[in-house]
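Here is the structure we will look at.
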Amino acid sequence: MRRPLLAAALGAAMTAPPALADTRYIAPYVELGQAVGADLTNDDVVTWTQVAVGVDAGVSNGRAEGQISARYERRIPWGGNLTDVDMLSGLARGSVRLSPAFSIDAGALASRSRIDIRGAAPGLFSDDSANVSNVYSLYVAPQLATNVGPAQVTAAYRFGYTRVDAPDFTGIAPGAPRLDYFDDETSHLAMASIGVGAGRIAPFGITLSGALERDFASQLSQRYEGEFARLDVVQPVSRTVALRGGIGYEKIEATQRDALFDVNGNPVLDGNGRFVTDPASPRRIAYHTDGLIYDAGVIWRPSPRLELQASAGYRYGGATYFGSLSWRLSPDSAVRAVVYDGVTTFGRQLRDGLATLPTSFQTQGDGFGQQFTGCVFASQPATGGAGGCLNSAFQSVSTAVYRTRGVDVIYTRTEGRTRIGLGAGYANRRLFSPPSAPGITVFGTNDESYYAQIFYARALSRVSEVDANLFMNYYDADLPGMRGVLGAGLTGAYQYRFGRIGTIASLGLYTYDQRGYNSQWSAQGLLGARYTF
């Protein structure tokens with residue numbers, strides 16, 4: 034549980050931005066395409082046909098804001114070493130206000146992601162590449178905000194569920210110890226606060242808040258339990274600057290059981306390659322903190338379009354730093370930056386990342402399904418902000434509890450026929466597991482990633498458009514068998530519409546390089562047609 038997330042859930046997320054007009058659309062479609070892929074390093078070429086059905090829909094009015102882009106695809110190879118692949122991908126985000134005081138926020142994601150941070154980093158996640166698997170996640174969050182006399186009372190509940198399919202193979206170095214494969218996770222977060230603004234009953238604003246969180250992961254029967262209560266004070270010192278400070282109590286404990294071992298001392302695996310839990314094992318503590326937390330900082334708000342927060346304090350047994358920048362540069366552009374620090378799990382980080390994504394977002398037309406695991410750019414910066422990035426959550430998929438620290442920066446511009454998105458960030462994780470548990474552990478190890486993305490799209494006419502997407506990711510860790518991995522890719526697409534029939538031509542170039550191995554280069558091409566109902 035992170036205090037900035039609590040503030041977001043009980044503050045900004047409570048109020049959906051007002052819509053400029055009542056807009057509703059739904060566009061189901063069927064699509065047929067022919068693709069070719071070339072392994073430029075090993076001189077191999079494969080072809081396949083892809084058949085897809087999908088829907089793009091959205092709503093924007095005074096009570097509801099939301100968008101969905103979902104697609105099911107079947108890939109049928111023409112010989113070679115490819116197999117038939119079924120893929121479900123998509124993103125849905127929405128918020129609906131049922132009354133002046135009560136609203137519901139929700140989101141869902143289906144995509145493909147790297148699994149083991151040590152393994153291969155293919156640029157394209159849409160085929161049966163090494164170290165790639167399906168990821169599904171959703172959350173729903175009813176929220177209440179009302180005034181009681183001079184005080185504002187808020188309460189919220191957030192439910193999340195995440196599931197990851199086990200990969201066929203990860204491409205890690207021979208002899209490297211294997212890590213656990215994430216299975217599924219269910220999380221519950223309840224939050225409440227009561228606060229009075231500055232000048233109401235005192236020269237400073239004061240807020241009392243608390244939260245309770247429970248998380249259950251099936252792999253090794255992992256549990257996460259967290260709770261906190263805190264008091265925050267905000268003291269304005271000028272028309273644009275305020276000082277803030279908070280103090281409270283927090284307790285977090287994560288536990289798990291041991292893996293089952295055979296008579297030879299090897300961990301027993303199920304049919305999907307996951308560890309089998311030893312039901313006779315005692316619950317072992319992977320992470321524990323219990324005690325005082327405090328922080329202080331500054332809030333700078335020179336205009337309604339710009340707000341900067343920066344804070345430092347004590348949490349998780351040491352120093353902590355966090356902050357944010359939100360800036361609407363113009364009616365067509367916005368920038369958002371976040372510095373974060375928290376103890377979490379993969380499922381909870383993905384759940385909270387989904388909650389930060391805009392309810393109106395930009396989609397890409399590259400035809401390769403490379404969407405929604407990186408930065409998601411807002412299509413209405415004036416009301417929806419810049420967007421958000423999921424790279425830090427998808428850095429690696431592990432059941433282990435970890436402390437994550439990093440920074441995300443995202444910029445979005447939609448002006449006339451042109452759309453631009455820029456995103457970059459750094460994420461570091463310190464993973465925890467019971468130090469005394471038998472078998473392979475990740476206790477005290479760190480992994481990290483750097484990432485950047487550039488998106489550009491331009492409508493050439495009323496019926497044609499081009500877009501391009503450039504991305505780069507670098508992964509490293511002090512896990513056994515880890516060598517730095519660099520992955521990058523560039524995709525481009527041209528679309529032309531004949532009424533309800535749309536055509537697309539896409540190209541993609543990808544590479545990944547792992548220290549000690551030769552660089553791998555690949556290219557893809559696609560020609561397709563879509564009929565929109």
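First residue of the sequence shown: 34, per the working numbering; consecutive thereafter.
Cβ coordinates follow ideal geometry from the N, Cα and C atoms, glycine included.
Note that this is a predicted model, so its numbers are computed, not measured.
Residue i in three-state terms, based on DSSP
i, result
"Ser132", "coil"
"Asp365", "coil"
"Ser254", "helix"
"Pro414", "helix"
"Ser140", "The residue you asked about is not Ser; residue 140 is Gly in the sequence shown. Gly140: strand per DSSP, three-state reduction."
"Ala388", "helix"
"Gly380", "helix"
"Gln557", "strand"
"Ala419", "coil"
"Ala562", "strand"
"Gln404", "coil"
"Phe20", "With the chain covering 34 to 566 only, the question about residue 20 has no answer from this structure."
"Arg96", "coil"
"Gln176", "strand"
"Tyr444", "strand"
"Thr310", "strand"
"Ala526", "strand"
"Ser552", "coil"
"Gly232", "coil"
"Gln115", "Contrary to the premise, residue 115 reads as Leu rather than Gln in this sequence. It is coil, neither helix nor strand."
"Arg57", "strand"
Euclidean distance between Cα positions of residue i and residue j
i, j, result
"Ala526", "Ser539", "4 angstroms"
"Gly517", "Gln428", "13 angstroms"
"Asn479", "Arg463", "4 angstroms"
"Phe261", "Ser412", "36 angstroms"
"Leu519", "Ala287", "32 angstroms"
"Thr294", "Met515", "Before going further, note that residue 294 is Phe rather than Thr in the sequence given. About 25 angstroms."
"Arg563", "Gly91", "19 angstroms"
"Asp303", "Ala292", "11 angstroms"
"Asp323", "Asn424", "30 angstroms"
"Asp198", "Phe237", "50 angstroms"
"Gly561", "Arg446", "28 angstroms"
"Thr187", "Leu222", "14 angstroms"
"Val79", "Gly306", "29 angstroms"
"Gly44", "Thr179", "A caution first: Gly44 carries a pLDDT of 35, below 50, which makes its placement in the model unreliable, though a value can still be read off. If you take the alpha carbons of Gly44 and Thr179, they lie about 12 angstroms apart."
"Gln577", "Thr396", "Look at the range of the chain in this structure, 34 to 566, and you will see that residue 577 is not part of it."
"Asp248", "Tyr214", "17 angstroms"
"Thr451", "Tyr459", "28 angstroms"
"Arg96", "Asp511", "49 angstroms"
"Leu455", "Pro391", "15 angstroms"
"Leu245", "Met224", "7 angstroms"
"Gly541", "Arg316", "48 angstroms"
"Gly99", "Ser393", "6 angstroms"
"Gly449", "Val86", "30 angstroms"
"Ala174", "Gly417", "18 angstroms"
"Val368", "Ser359", "6 angstroms"
"Ala134", "Ile59", "29 angstroms"
"Asp441", "Asp385", "14 angstroms"
"Arg107", "Glu64", "10 angstroms"
"Asn551", "Asn164", "17 angstroms"
In DSSP terms, what residue i is bridged to
i, result
"Ser482", "Ala460, Tyr508"
"Asp374", "Arg438"
"Phe488", "Gly454, Asn502"
"Ala262", "Gly243, Tyr282"
"Tyr320", "Ala287"
"Asn167", "Arg145"
"Asp546", "Leu519"
"Ile227", "Val186, Leu241"
"Thr219", "Tyr194, Phe249"
"Pro269", "Ala275"
"Gln342", "Ile332, Ser357"
"Trp81", "Ala68, Pro110"
"Gly87", "Tyr62, Arg104"
"Tyr652", "Because the chain in this structure spans residues 34 to 566, residue 652 falls outside the shown range and cannot be described."
"Ser122", "Arg104"
"Ser539", "Ala526, Leu559"
"Gly127", "Gly99, Ala139"
Check: residue i C-beta below 8 angstroms from any heavy atom of the ligand MN
i, result
"Tyr444", "No copy of the ligand MN appears in this structure; indeed no ligand is present at all."
Residue i at chain B interface by Cβ criterion, 9 angstroms
i, result
"Tyr282", "Absent from the structure: chain B. Only one protein chain is present."
Open item on the list: Counting beta carbon pairs with one atom in the stretch 291–310 and one in the stretch 342–350, are three or more of them shorter than 8 angstroms?
Closed with: no
- [ ] Mind the definition here: the stretch 404–416 touches the stretch 112–124 only if three or more C-beta pairs lie below 8 angstroms; say whether that holds.
- [x] yes
Task: Any 3 or more C-beta pairs closer than 8 angstroms across the stretch 321–337 and the stretch 379–390 - done: no
TODO: Count the C-beta pairs between the stretch 488–500 and the stretch 429–440 that are closer than 8 angstroms, then say yes if the count reaches three, no if not.
DONE: no
Open item on the list: Quick test of the definition: if touching needs 3 or more C-beta pairs under 8 angstroms, does the stretch 166–174 touch the stretch 132–147?
Closed with: yes
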